[in-house]
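All remarks here apply to the structure that follows.
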Amino acid sequence: MSAQTLLEVDGLSKRFGGVAAVSGATFSVDTGTITGLIGPNGSGKTTVFNLITGYLKADAGTVRFEGERVRRANPRRLYRRGLSRTFQQARVFPEMTLVENLVVAVAVPVWALGRRGISRADAARAEELLDRFGLGSHAHRKAGELSFGQRKLLEFATVLLGRPRLVLLDEPASGVNPLMIEQMERHIRDVHAEGVTFLVVEHDMNLVMRLCDPIVVLDHGAKIAEGHPADVRADPAVLDAYLGD
Amino acid sequence: MRTVSRSGVALTVVIVAGLAAFPFVFQANWVVNIAVFTMMYAGLATAWNLLGGYSGYISLCNAAFFGVGAYAIANLFPTSGGPPGSTPFLILPLLGLGAAILSIPIGWVAFRTRGVTFAIVTISLLFVAQTLAFLMRSFTRGSQGMGIGVPRFSVATYERPFYLALLAIFVFAVSVCWYVRRAKLGLTLFAIRDDEDRARGLGVDTEIAKLVTFAMSLGITAMIGGVWAYYITYIYPQFAVDPLITIGMVLMVFLGGKGTLWGPLLGALLLVPAQRLLAQNASTARWYLILYSGVFLLVILLLPRGIIPSVQDLIARLRSKSDRDTSPPAATVPTVRTEVVP
Amino acid sequence: MRLFVQAVILGLLAGGVYALMASGLTLAFGIMRVINVAQGVMIILGAYVSYTLFTHFGVDPFLSVLFVVPVVFVLGVVIELVFIRPLRPSEREELSLLVTWAVALGIEGVLGLVYSTTYRSTIPSYANAAWRIGGFAVLQVQVYAFGLSVVILAVLGVVLAKTRFGRAVRGTVQNPASAALLGVDERKVAAIGFGLSVATAAAAGAVYGVVTPFNPGSHYDLISLLLTIIVLGGMGSLPGTVVAAVLMGVSQALLATYISPTSAKLTFFILLIGILVVRPQGLFGAVERGKL
């Protein structure tokens, strides 16, 4: 294990009924990278995310985060350790305002639950973040009123409040218009420049090739290739996976 | 915005003052009797709303804790002990605390499930509590019922102390709701209601928040059960742990508006007087269940979001419509659904 | 040992009937995500209809099943159309619970008006006849009721496995969206499915009155038992429901034999807590995949 490995996935497996969704996936994410995780539909990418973040229990395999083995993965604890994620469907809290959406993600100790919901400091931090993501004018609207693309931005902004070391992005560009994809890319690069590492699942190959290095390719729940974008693109196994069957 | 607004304070003062003045203005015993039950349900519904309205968890075991409070008072102040005066009112806070503590292990098990399974588990708890009330004879004397020392309050104003005690509990319940809404706990509950899995993924302490809220809600419910037992002075398992009490509070919250501060009170004000009049009249009592079910079905089918949210929506729509009518067309550039962000 | 075997036999017989009563709940939940709290009152309704047919016209309770089933089926379809269909899909699970509870109260009220709250019992000539097999006494009625349940469950199983309607139901349970794409009329499946789910319960109810005295309020005892069974079985799994029902019947009989008949009333609760602590998704439930 190299010193700058942030996340290490080893032999991760998960079956649903008789179907193997992930079988022995092994890869790692180095600190400071934007690692891409790609593969044809149904290759188990989202399941891998769910296993890493503790939304699903793995049948086998281990995950290490910052060198420490994650036992009994739990989304809440992982978030507080600096590992957070977004969802494909751009999940926000639809009946809450944008500010509330952000403030809820500020980790507080249990005994502070009785404290004021949105302190001045919280509000200031939330509004600053909203401005940065171009959502400032909607601060007091309900998140359910936003467009899909805006929700993706809000979801991305939200996870930053946990001061993450690693963010797992699940299809940040799917379902949004080209202009929004550009914005999303810019925000990812900005946050990356501030020292956050990314693991990105994405179907938009142009974006992946521009943004990610290295890239891990999954097929049928197992890794079939890994490397720089140019190498991956030229790998016959990858072409097979995408074009074959 | 959840800050203290002047109109909110004014509204609160008017409501509480009006409710407090009621038994002094309308003194007939039968009127205050109805008011006692109205205030009882207002408190129960408000307590239910704390968990059900804010977090979306439909708990149907509240009537079980109503019974816990009722039997606690019955055991502390038996008929043989003579008239207890106002002591039962004074120990209510301790009773509430005890019930809240009792609810924590129960909540811990029930919250292992979610959504509709949680509702089913809590229904089961309710029926178990009723069975236990029949079986635990040393604590409840089973189906023969249990008497409580009759207070020697003046006959002319007999209902008044009970009414005021229930009003105090109701005000406490509303205050708790108001405080929770503004606190981190409230944000947490709303997040749970909207998307619990995502909330967990954002480091939110969902488990603790649910348990604490469950305990507060049931503690208040038990206090109200205590006052009820003292008021009617003789209790039976089938009335102390009554599914109709649970369904009643849920109905009132739905009618008034889930997750609103005053919705439960509104629901109680609209339904309880009608319910009492129906139940007291022998010729209508036979139709009671049928009418109850009819009202419930109408509310859920025609007004599923409740009165207060529907009215708020209507006002908002009228306002935005009049805005649009008065402003020049150039100002109606859509601001919500644009993808382009500067 | 003798006591034990006797208890297990009784428990199995009762469990078979529970399985029939609860399978309708599972079916409704599987197809429409509806929790039908009125399932208990449908059983009691079946019991009253059968009681009336027997006392007024001398119709055998087992024969009256043929009348009860279609009548309650139609009632079920009407309830689905009027009360359940208007619910928004996003809130259907929770609201259906409250709506069907209200329906149950209404039917309970009607039964109270018509029959009063006195306990009734259907008592045909063979009500107390028993068989003795190898020293074990078994009430004939219980065996007939068990047999009826097995037959109806088997018919239900065949309908689900072999018919066009059954395929539509299974498709809807697995994936409503793709079933709709394949031309399954979800609305029709829902109405018929709900009708079927309550009709099976009422069939059990027709003979319930022979085994147990009942009044309009008895449906609460039944529904708490049935809801626990479907939670134990894993919400929406038919085999799970059958296993949970039998488990329930047997443990109830054992508790009644070895501890006390009254404590048997708490069986469902003990089982429920036990299962929830160890396995919150129920005996057969998979961790919900769609939830994420």
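Residue numbers (this note's numbering), protein chains in the order written: chain A, 6 to 250; chain B, 2 to 343; chain C, 21 to 312.
From the three backbone atoms N, C-alpha and C, an ideal C-beta is built for every residue, glycine too.
Tell me residue i's beta-bridge partners as DSSP assigns them.
i                      : result
residue 221 of chain A : A:42 and A:231
residue 79 of chain B  : B:149
residue 235 of chain B : B:148
residue 171 of chain A : A:88 and A:202
residue 291 of chain C : In the DSSP output, where bridge partners are listed per residue, residue 291 of chain C has none listed.
residue 33 of chain A  : A:13
residue 24 of chain A  : A:21
Quick one: using the 10 Å Cβ neighbour count with 16 as the cut-off for buried, is residue i buried or exposed?
i                      : result
residue 307 of chain C : Confidence in residue 307 of chain C is poor, its pLDDT being 41 and thus under 50, which makes the residue's placement too unreliable to answer from.
residue 180 of chain B : exposed
residue 345 of chain B : Residue coverage of chain B in this structure runs from 2 to 343, which leaves residue 345 of chain B outside it and unanswerable.
residue 84 of chain A  : buried
residue 10 of chain C  : Past the boundaries of the shown model lies residue 10 of chain C; chain C is included only from 21 to 312, so the question cannot be answered.
residue 338 of chain B : At residue 338 of chain B, the pLDDT of 36 sits below 50, so the modelled position is not reliable; the number obtained from the coordinates is stated separately. Classification for residue 338 of chain B: exposed.
residue 30 of chain C  : buried
residue 38 of chain C  : buried
residue 236 of chain C : buried
residue 178 of chain A : buried
residue 21 of chain C  : exposed
residue 329 of chain B : Residue confidence is low: residue 329 of chain B scores 47 on pLDDT, short of 50, so the model does not pin down where it sits. No coordinate-derived value is stated.
residue 203 of chain C : exposed
residue 131 of chain B : buried
residue 317 of chain B : exposed
residue 58 of chain C  : buried
residue 235 of chain B : exposed
residue 40 of chain C  : buried
residue 33 of chain C  : buried
residue 218 of chain B : buried
residue 268 of chain C : buried
residue 192 of chain A : buried
Hey, out of the options, whose CA is closest to residue i's CA?
i                      : options                       : result
residue 21 of chain A  : A:64, A:98 and A:114          : A:64
residue 56 of chain A  : A:37, A:45, A:76 and A:39     : A:76
residue 234 of chain A : A:243, A:225 and A:219        : A:219
residue 231 of chain C : C:132, C:190 and C:150        : C:150
residue 264 of chain A : A:11, A:159 and A:39          : Coverage of chain A is limited to positions 6 through 250, which leaves residue 264 of chain A absent and any answer about it impossible.
residue 15 of chain A  : A:33, A:165, A:23 and A:175   : A:33
residue 72 of chain C  : C:198, C:185 and C:140        : C:140
residue 103 of chain C : C:89, C:130 and C:54          : C:54
residue 116 of chain B : B:194, B:261 and B:132        : B:194
residue 169 of chain C : C:233, C:132, C:297 and C:85  : C:85
residue 156 of chain A : A:176, A:171, A:169 and A:168 : A:176
residue 55 of chain B  : B:234, B:177 and B:297        : B:177
residue 171 of chain B : B:8, B:109 and B:13           : B:13
residue 210 of chain C : C:221, C:202 and C:196        : C:196
residue 96 of chain A  : B:49, B:249 and B:198         : B:198
residue 121 of chain C : B:103, B:292, B:298 and B:206 : B:298
residue 80 of chain C  : C:137, C:146 and C:219        : C:146
residue 242 of chain B : B:8, B:22 and B:66            : B:66
residue 111 of chain B : B:101, B:102, B:192 and B:126 : B:126
residue 2 of chain A   : A:154, A:78 and A:168         : Limits of chain A in this structure are 6 at one end and 250 at the other, which puts residue 2 of chain A out of reach.
Any heavy atom of the ligand MG inside 8 Å of the beta-carbon of residue i?
i                      : result
residue 161 of chain B : The ligand MG is not among the ligands present in this structure, which contains no ligands whatsoever.
Report the residues of the segment 176-196 of chain B with a CB closer than 9 Å to any CB of chain D, ordered along the chain. No chain D appears in this structure, whose protein chains are A, B and C.
Can you check the segment 173-249 of chain C for any alpha helix (DSSP H) of at least 4 residues that lies completely inside it and give the ranges in chain order? 184-194, 196-201 and 206-231
Report yes or no: do three or more beta-carbon pairs, one from the segment 250-258 of chain B and one from the segment 137-154 of chain B, lie closer than 8 Å? no
Three or more C-beta pairs closer than 8 Å, one from the segment 247-265 of chain C and one from the segment 43-51 of chain C: is that the case here? yes
The segment 116-123 of chain A in contact with the segment 182-195 of chain A per 3-pair CB rule at 8 Å: no
With a floor of 3 residues, list each beta strand (DSSP E) that falls wholly inside the segment 66-111 of chain A, ordered by position along the chain. Runs of the beta strand (DSSP E) inside the segment 66-111 of chain A: 88-90.
Are the segment 38-50 of chain A and the segment 204-215 of chain A touching, with three or more C-beta to C-beta distances below 8 Å? As far as the Cβ criterion goes, the segment 38-50 of chain A touches the segment 204-215 of chain A, which means the pair count is three or higher.
Flag this pair as touching only if the segment 156-165 of chain B and the segment 273-288 of chain C have three or more C-beta atom pairs under 8 Å; answer yes or no. no
Mind listing, in chain order, the continuous beta strand (DSSP E) runs of no fewer than 3 residues lying wholly within the segment 129-188 of chain B? none
When the Cβ atoms of the segment 124-134 of chain C are set against those of the segment 292-306 of chain B, are three or more pairs found closer than 8 Å? yes
Decide yes or no for the touch test of the segment 86-93 of chain C against the segment 213-233 of chain C: beta carbon pairs closer than 8 Å, at least 3 of them. yes
When the Cβ atoms of the segment 82-97 of chain B are set against those of the segment 261-273 of chain B, are three or more pairs found closer than 8 Å? no
Quick one: which unbroken alpha helix (DSSP H) runs of 4-plus residues sit fully inside the segment 36-88 of chain B? Chain order, please. 63-77
Please give the ranges of any beta strand (DSSP E) in the segment 152-176 of chain C, keeping only runs that are unbroken, at least 3 residues long and fully inside the region. 156-159
Note down, one range per segment and in chain order, each alpha helix (DSSP H) of at least 4 residues found wholly within the segment 69-114 of chain C. 81-99
Pair every Cβ in the segment 181-193 of chain B with every Cβ in the segment 32-47 of chain B, then say whether three or more of these pairs are closer than 8 Å. no
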